[in-house]
Amino acid sequence: MKKQAVAFLLLFTVLCLAACSKKDDQLGGSGPDNISKQFSYVMGLEIVGTLEKLETVTLDREAFLKGINDALDGNPPMLSPLQMQTVKAIVSEQERALRNKQIMALAEKNLKEQKAFLEQNRKKKGVVVTKSGLQYVVLKKGDGPRPGPTDIVKINMTGKLLDGTVFDSTYQRGGPVWVKVKGTIPAWEEALTLMNVGSKYRFFIPSKLAHGKKGNFMEGGIIGPNAMLIMDIELLEIKKDKSAS
Numbered sequence: 659m660k661k662q663a664v665a666f667l668l669l670f671t672v673l674c675l676a677a678c679s680k681k682d683d684q685l686g687g688s689g690p691d692n693i694s695k696q697f698s699y700v701m702g703l704e705i706v707g708t709l710e711k712l713e714t715v716t717l718d719r720e721a722f723l724k725g726i727n728d729a730l731d732g733n734p735p736m737l738s739p740l741q742m743q744t745v746k747a748i749v750s751e752q753e754r755a756l757r758n759k760q761i762m763a764l765a766e767k768n769l770k771e772q773k774a775f776l777e778q779n780r781k782k783k784g785v786v787v788t789k790s791g792l793q794y795v796v797l798k799k800g801d802g803p804r805p806g807p808t809d810i811v812k813i814n815m816t817g818k819l820l821d822g823t824v825f826d827s828t829y830q831r832g833g834p835v836w837v838k839v840k841g842t843i844p845a846w847e848e849a850l851t852l853m854n855v856g857s858k859y860r861f862f863i864p865s866k867l868a869h870g871k872k873g874n875f876m877e878g879g880i881i882g883p884n885a886m887l888i889m890d891i892e893l894l895e896i897k898k899d900k901s902a903s
């Protein structure tokens with residue numbers, strides 16, 4: 659949690675609370691006073707919700723309210739600026755250390771599970787294993803052309819984690835998409851250049867050919883460290899990438 663963001667939210671809540679009536683009125687209505695109350699209430703919920711996500715400390719209700727009341731009433735803080743900075747730094751470091759420990763444990767778990775899965779999966783009828791370790795099975799065979807590494811292709815796809823969690827799907831996003839064959843993960847180019855237009859494959863992608871040890875948590879991503887991917891891809895169309903020439 660960023661210290662600056664928390665400090666801003668706390669200050670913003672204090673200012674909103676100062677503008678609101680201290681009466682325990684209902685929050686209904688759309689007038690200026692009620693909007694202030696509603697906004698202040700929402701901010702209170704969100705700030706506490708954010709703070710309660712911390713795993714190394716427990717939010718102390720009495721101390722938390724004491725801090726808000728001291729700010730509202732203009733009382734001097736019980737801690738010096740240096741003490742406040744120090745305690746926030748301690749909690750931040752505790753959270754970081756715990757997060758790293760959790761990520762390492764998850765990475766080890768994912769690696770162990772994918773190794774067991776891929777070892778058994780390669781023995782199944784119809785499963786092909788390439789030199790890189792990519793595994794696939796042909797769900798529907800097409801007779802169209804194959805794309806080259808510099809082409810752009812139109813595909814439908816569903817991507818899942820080993821536990822079945824869907825992390826992406828063109829069907830859920832409204833339809834096929836155009837993507838470059840040279841994609842964001844190492845397996846992308848190899849997988850797409852194996853396919854003919856009109857075909858549909860299921861790829862079993864080891865983490866080393868996907869997002870590796872780091873995973874993908876950007877923009878809400880849920881792909882953990884050392885997570886293998888299972889992707890159903892249907893190749894619909896090919897066109898040349900003019901920017902590659």
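Residue 659 is where the sequence shown starts when you use this note's numbering, and the numbers rise one by one after that.
For each residue, glycine too, the CB sits at the ideal point set by N, CA and C.
As the structure is a computational prediction, the values presented were derived from the model and not from experiment.
I believe M853 touches A868 by the beta-carbon criterion, under 8 Å. Please report the beta-carbon distance rounded to the nearest angstrom. Here residue 853 refers to the residue found at position 195 when the sequence shown is read from its first residue. Here residue 868 refers to the residue found at position 210 when the sequence shown is read from its first residue. Not a contact, Cβ separation roughly 18 Å.
Cβ-based neighbour list, R860, same chain, cut-off 6 Å, excluding 5 preceding and 5 following: What you label residue 860 is simply residue 202 of the sequence shown in a count that begins at 1. Short of 6 Å from the beta carbon of R860, and not among the five residues preceding or following it, lie these beta carbons of its own chain, in chain order: V795, L797, D890.
Any idea if V715 is buried or exposed, counting beta-carbon neighbours within 10 angstroms, 16 or more meaning buried? In the sequence shown, residue 715 corresponds to position 57, counting from 1. Counting other Cβ atoms within 10 Å of its Cβ, V715 stays below 16 and is therefore classed as exposed.
If you reduce the DSSP assignment to three classes, tell me which class L797 lands in. Position 139 of the sequence shown, counted from the start, is the residue given in the question as residue 797. Here DSSP, grouped into helix, strand and coil, assigns L797 to strand.
Let's see if you can read the secondary structure: which residues bound the alpha helix (DSSP H) around S750? In the sequence shown, counting from the first residue as 1, residue 750 sits at position 92. Unbroken alpha helix (DSSP H) run through S750: 739-779.
Between the Cα of E751 and those of E720, D728, M762, L712, spot the shortest distance and give me the residue it belongs to. Start at 1 with the first residue of the sequence shown, and residue 751 comes out as number 93. Answer by Cα proximity: L712.
Mind checking who V787 pairs with in its DSSP beta bridge? The residue you call residue 787 lines up with position 129 of the sequence shown. Answer is Q793.
Give a single yes or no on whether A721 has its beta carbon closer than 8 Å to a heavy atom of the ligand SAH. Summarising the ligand content, the structure contains no ligands, and the ligand SAH is consequently not present.
Could you check whether the region 837-854 touches the region 811-820, counting it as contact only if at least three pairs of C-beta atoms, one from each stretch, sit closer than 8 Å? yes
Which residue marks the beginning of the beta strand (DSSP E) containing E713, and which one marks its end? As a first step, residue 713 is located in the sequence shown; it is residue number 55 there, counting from the start. Where E713 is concerned, there is no enclosing beta strand (DSSP E), given that its DSSP letter is neither H nor E.
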